[in-house]
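> Chains as they are written, first to last, in my numbering: chain A, 60 to 473; chain B, 60 to 473; chain C, 60 to 473.
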Amino acid sequence: MEEIPVTDLFTVNNLWMMIATTMVFIMNLGFATLESGLTRSKNAVNILFKNTIIPVIGLLTYAMVGFNLMYPGAEFAGGFFGFAGFGLSAPEGWDSSNYNAGYTYFTDFLFQAMFAATAATIVSGAVAERVKLGPFITFSILYVAFIYPIVGMWKWGGGFLNTLETPFYDFAGSTIVHSVGGWAALVGAFLLGPRIGKYTPQGMKAIPGHNLSMATIGVFLLWFGWFGFNGGSVLSANPGIVSKVFVTTSISAASGAVGALFISYLKFKTYDITMVLNGILAGLVGITAGADQMSVLDSVFIGLIGGGLVVFGVVFFDKIKIDDPVGAISVHLVGGVWGTLAVGLFGNLAGMNQVISQLIGIGAVGAFCFATAFLIFFVLKKTVGIRVDEKEEIEGLDINEHAMRAYPDFAAKD
Amino acid sequence: MEEIPVTDLFTVNNLWMMIATTMVFIMNLGFATLESGLTRSKNAVNILFKNTIIPVIGLLTYAMVGFNLMYPGAEFAGGFFGFAGFGLSAPEGWDSSNYNAGYTYFTDFLFQAMFAATAATIVSGAVAERVKLGPFITFSILYVAFIYPIVGMWKWGGGFLNTLETPFYDFAGSTIVHSVGGWAALVGAFLLGPRIGKYTPQGMKAIPGHNLSMATIGVFLLWFGWFGFNGGSVLSANPGIVSKVFVTTSISAASGAVGALFISYLKFKTYDITMVLNGILAGLVGITAGADQMSVLDSVFIGLIGGGLVVFGVVFFDKIKIDDPVGAISVHLVGGVWGTLAVGLFGNLAGMNQVISQLIGIGAVGAFCFATAFLIFFVLKKTVGIRVDEKEEIEGLDINEHAMRAYPDFAAKD
Amino acid sequence: MEEIPVTDLFTVNNLWMMIATTMVFIMNLGFATLESGLTRSKNAVNILFKNTIIPVIGLLTYAMVGFNLMYPGAEFAGGFFGFAGFGLSAPEGWDSSNYNAGYTYFTDFLFQAMFAATAATIVSGAVAERVKLGPFITFSILYVAFIYPIVGMWKWGGGFLNTLETPFYDFAGSTIVHSVGGWAALVGAFLLGPRIGKYTPQGMKAIPGHNLSMATIGVFLLWFGWFGFNGGSVLSANPGIVSKVFVTTSISAASGAVGALFISYLKFKTYDITMVLNGILAGLVGITAGADQMSVLDSVFIGLIGGGLVVFGVVFFDKIKIDDPVGAISVHLVGGVWGTLAVGLFGNLAGMNQVISQLIGIGAVGAFCFATAFLIFFVLKKTVGIRVDEKEEIEGLDINEHAMRAYPDFAAKD
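1. For my contact list, Met-353 of chain B and Ile-364 of chain B are in at a C-beta cut-off of 8 angstroms; report their separation, rounded to the angstrom.
2. Rounded to a whole number of angstroms, what is the C-alpha to C-alpha distance between His-269 of chain A and Lys-472 of chain A?
3. For Arg-446 of chain C, which beta-bridge partners are listed by DSSP?
4. Under the three-state reduction of DSSP, which class applies to Met-263 of chain B: helix, strand or coil?
5. Below 7 angstroms CB to CB, which residues in the same chain sit around Ala-143 of chain C once its five sequence neighbours on both sides are set aside?
6. Just the chain C side, please: which residues come within less than 9 angstroms of Ile-235 of chain A by C-beta, in chain order?
7. May I ask you to report which of helix, strand or coil DSSP gives Ala-465 of chain A?
8. Should Glu-62 of chain A be labelled buried (16 or more other beta-carbon atoms within 10 Å of its own) or exposed?
9. For a cutoff of 8 angstroms on Cβ pairs, would you count Glu-451 of chain B as touching chain A?
10. Under 8 angstroms Cβ-Cβ, which residues of chain B neighbour Ser-475 of chain A?
11. If you measure from the beta carbon of His-269 of chain A to each beta carbon in chain B, is any gap under 8 angstroms?
12. Across which residues does DSSP place Tyr-258 of chain A in a beta bridge pair?
13. If you measure between the beta carbons of Leu-271 of chain B and Val-190 of chain C, is that distance less than 8 angstroms?
14. Closer than 8 angstroms, CB to CB, is Asn-73 of chain B near chain A or not?
15. Applying a beta-carbon distance threshold of less than 7 angstroms, which residues of chain C neighbour Gly-299 of chain B?
16. Report yes if the CB atom of Val-203 of chain C is closer than 8 angstroms to the CB atom of Thr-329 of chain C, and no otherwise.
17. Here's the rule: buried if 16 or more other CB atoms are within 10 angstroms of the residue's CB, otherwise exposed. What is Asp-448 of chain B?
18. For Thr-80 of chain C, is the classification buried or exposed, using 16 other Cβ atoms within 10 angstroms of its Cβ as the cut-off for buried?
19. For Thr-225 of chain C, which option in C:Gly-125, C:Gly-216, C:Leu-408, C:Ala-423 has the closest C-alpha, if you only look at C-alpha atoms?
20. Note down the Cα distance separating Arg-99 of chain C from Val-304 of chain A, rounded to an integer number of angstroms.
21. Between which residues of its own chain and Ile-453 of chain A is the CB-CB distance below 7 angstroms, once the five residues before and five after are set aside?
22. Assign Pro-384 of chain A to buried or exposed, taking buried as 16 or more other Cβ atoms, counted over all protein chains shown, within 10 Å of its Cβ.
23. In the structure shown, what three-state DSSP assignment does Gly-141 of chain B receive?
24. Decide if Pro-260 of chain C is buried, meaning its Cβ has at least 16 other Cβ atoms within 10 Å, or exposed.
25. Thinking C-beta only, is Met-77 of chain C closer than 8 angstroms to Leu-301 of chain B?
26. Using a C-beta to C-beta distance shorter than 8 angstroms, which residues of chain B count as neighbours of Tyr-330 of chain A?
27. Flag this pair as yes or no: are the beta carbons of Val-390 of chain A and Asn-459 of chain A separated by less than 8 angstroms?
28. From Met-463 of chain A to Val-438 of chain C, what distance separates their C-alpha atoms?
29. Please confirm whether Val-246 of chain A and Ala-432 of chain A have their CB atoms less than 8 angstroms apart.
30. By Cβ distance below 7 angstroms, which residues in the same chain neighbour Ala-231 of chain C in space, the five residues on each side in sequence not counted?
31. Counting only runs that start and end within the stretch 316 to 397 of chain C, where is the alpha helix (DSSP H) found for 4 or more residues in a row?
32. With distance defined between alpha-carbon atoms, name the residue in A:Ile-339, A:Ala-426, A:Gly-395, A:Lys-264 nearest to Val-374 of chain A.
33. Whose CA, out of B:Gly-125, B:Thr-180, B:Ile-85, lies closest to the CA of Ile-196 of chain B?
34. For Pro-194 of chain A, I'd like the list of residues in its chain whose CB is within less than 6 angstroms of its CB, leaving aside the five on either flank, ordered along the chain.
35. Where does Ala-470 of chain B sit, in a helix, a strand or coil, going by DSSP?
36. State the Cα-Cα distance for the pair Met-173 of chain A and Leu-434 of chain B, rounded to the nearest angstrom.
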């Protein structure tokens, strides 16, 4: 029995944060397979390309400006905006608990960078099958480099949402990550208009995804990644909190599946796997804001309702002719708002003051994201255009933007 | 140099158990891709649906009753049955080493819940392409909520198999998990009867799986998950034991591939990838009962024999016209029995008394699982029916049960 | 507050090394999906088979001879060759920090064995679609059992490259793993000759891969695995070094995508996803030699140049009619040489002496690997033959070597 350095627990905490980082990273693959699976094979390369390039953009812009916008430190921060300068520069003590009890400077950066990438990835599904590649990439760069970290700073960087009398609460980002992506998804889908043939005079026509094996892989990888997303948001390997977060996260995901299955069976009289998959995601998004505050039973309710809402959401957005090929708006925006609100309704923080703070957060983030996403997409639309031409859309984006097909060996159905 | 809290090692242990949990979780994706890959595209959505909903069922029922049936605690337990009440309620000290040297209450629950899901998933492959969805889900709920945890209690919950003079040994579940699934797979495949066109007057007709890329993904994910399944069954991050378990597990998996390759090449004169994939799984199932007790050389033998047995098993079950589309009975039941027996033949525990105890465990679990699975499936068969009608089977379950196709963009072969 | 055993940090370190091992393991699935995705569906089973059997071979031969060839220990080692005997035998103290501050004997073995498998896997892509299965497996056994560990010993086993006045530096294996595979890939592709129809009198004909979803999955899994490959090469959970390695690795991967995208767009005027995917891999291979020595900005340059080089490499090898269906030579050989050299040009070790040592290492490893790979492939070519006959190549290897198809349900294009 000897004494050991106090940095020991720091090593454990940092190890968990690094592993959580790799799990959040794999969520990018989850989105890539989910989104390409739920859309048509003629656009699969395009979606895979976007989902490959987005984490690339996320990482590089977050290193350049995002991290220092989101976590400027007290010296450089106001309530709404702060900036600690360009690039990464490790402060003294960056690799010890002097920097943080839970992780090093570089772990901090990479974990947060993976979150940034996630926010941008959410958009790509909603605008799939008709958005021009160049403008979409331009949008993604601007949104992930500036909008996401500025909003994130409001809460996680110590900004005004964190200093409300009853602080706005968003444990791992139902609002700060998912609704940020969701608002942009809504704006993008709205400004692009629906895909050709989606809403006809004879009514809404379902456009089935080309590969439900891929979509299923996507959702399992996202659930897997969410252990890192929510579990890592504890910011240490604290056994009690992390393990409870694992349980609330999983129970809400499972309940989301049940909620979506139940409602979709009632509405459509069929076992719709895409609804179950999106129900799982809605359960995950829903629990994210309060995963550390909920009981097991709370998680059941949050998931059930989130899963049900995703079905209503999909039907609703089709009714108002906002064409979201993968259901991203229903999952990430509706689910994100629901989860954020749920913090005021369930669990340790429930109460009217908390509800009000949650509504302030939802509203402030929503207004800013809607406005900025609208501004960027609108300027792009009026200048370079954001939608491919009709011929390209019908032939598919793969052959026109990428000069290749995802599955060239196989014959297409008629 | 300062003193640090004793909970430090607890944090490490718990961290490993949580990570192992996520690895076992991903085995559900492994089964989903393996089973759908080894069956026909017209039933792919159905299989993906079942494999998505099973972990959902597993988690929720395990929270409701399973965990408290399987680990009732001394107060509520007899040798054959115990129950500590409905739902999850964390006991005092649940988040510290007062609960357990290795993990918190919630880690315990979730790790075990993932195992429960695994047992149910095994069945879905054997009954694929002809089982009705509703009755299958009913069976899964009953089997995972009651049968699996009752059997598990006999050994891991401190029941009669654990209190034999020479205790029955099953480190991570060759019997307690895999054969529990395997017996139900056998009963289900038997009561359903073979798929149309499988056994004709002209002999057995191979029905090839539709996507061997998916099947390969499945086996790699299962092997990956098995590091958590076996490695996590150490119930701590003990460096010596966990790392040895990793090695015996991997060596047995590799040897299983060699055994299956060798025997299948001798029998069929071709390099059959499905046999190699199932050989890996048989090696994994085989080592599971004694992964902590075997030398590297023992693991080679266990894997080689397990891999060989899987080939003989597939041929044998086809001979007696039990149609198992993915080879689940050969892998999980034959492999599970073999692995359990191997604990008496190889490694630290080898000896005649151990062989007898292993046979008692195999027999008791087999009798109970066979009987209960038979009862449930039989009642379902006589009431609602368990098999889709001929038209639906020929057209495929996807279009009839789910009103969708997994790959609608691609033309079918003639 | 009590005292705790000093083995605590050892447990953390070992835990990380074990988890890193599982991540490197999953790289085998990454290679399997990448290589099969980038080739034609008629050869998919063959590639999946090879990539399944290679880790099997790697594990078993590394246990038999490889580990003891690569890490013979001072007693059995010279500068160029050493051997500590057949099989695995854990030395005293193998499960404690007496063996190693970072991990147990079995963790050491398994982590290194996964690296060995990786080296062999690199070859399979370059020789795809025309190599005979039996001779390829023979080659793989010899190369992974003897050549890889002998070369590895030169540096990591304490051999002559490690004892140069300015020691050759290769942190995680740009040379020791990737170029070892890359040289064999080059020799194999050269001795086999190009696929039928690749280089015609009318010029080079692109032969597109059959499944870019699979290829994308492959690259994400490889990136994920690289966190274990590079992060595990720290050989402990040291928070500062591991987290920095995570960042340099990710930033170089992302920069590799940008470099490849930029150069390929300039050359081909299209957004080529296969180039972006290979660019990511080139960034990963490039940073591997110095991942612990580079700043964030260094990593950007290493990735950008590596990503650009991969495009030039693919064009170059096509120009000299070396047919590498997946770009493995450009990624692993060109990228590996670049990354090794970069240690002398960027980062903490930059300097002329280091450049010279890096060149010595590149040259010595290259000469030995080229010569031995040539010898093995040449002898196989002159005896059993290494290439399938024309009819088999045109029909596909799947039906001829494996008597099965990867996707039997789907109609082929014309």
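The C-beta atom is built at its ideal place from N, Cα and C for all residues, glycine as well.
This is what the structure holds:
1. Contact flag wrong, Cβ pair sits at about 13 angstroms.
2. 11 angstroms
3. As DSSP reads the structure, Arg-446 of chain C sits in a beta bridge with C:Val-190.
4. strand
5. Residues of the same chain with a CB within less than 7 angstroms of the CB of Ala-143 of chain C, apart from the 5 flanking positions on each side, are Asn-127, Pro-131, Gly-132, Phe-135 in chain order.
6. The premise fails here: Ile-235 of chain A is roughly 22 angstroms from chain C at the closest Cβ pair, so nothing lies under 9 angstroms.
7. If DSSP states are grouped into helix, strand and coil, Ala-465 of chain A belongs with coil.
8. Confidence in Glu-62 of chain A is poor, its pLDDT being 47 and thus under 50, which makes the residue's placement unreliable; the coordinate value appears in the next sentence. Glu-62 of chain A comes out exposed.
9. So no, Glu-451 of chain B is outside the interface.
10. Missing from the structure shown is residue 475 of chain A; chain A here goes from 60 to 473 and no further.
11. yes
12. A:Met-263
13. no
14. A Cβ of chain A is located within less than 8 angstroms of the beta carbon of Asn-73 of chain B.
15. Correct list: Asp-154, Thr-163.
16. no
17. Answer is exposed; the Cβ neighbour count stays below 16.
18. buried
19. C:Leu-408
20. 44 angstroms
21. Ile-255
22. buried
23. strand
24. exposed
25. Looking at the sequence provided, one finds Val at residue 301 of chain B rather than Leu. A contact, by the Cβ cut-off of 8 angstroms.
26. The contacting residues are Phe-108, Leu-192, Glu-460, His-461.
27. no
28. 39 angstroms
29. yes
30. Phe-288, Asn-289, Ser-292, Thr-347, Ala-350
31. 332 to 347, 355 to 378
32. A:Lys-264
33. Nearest C-alpha to Ile-196 of chain B: B:Thr-180.
34. Cβ within range, chain order: Leu-439, Val-443, Ile-445.
35. coil
36. 50 angstroms
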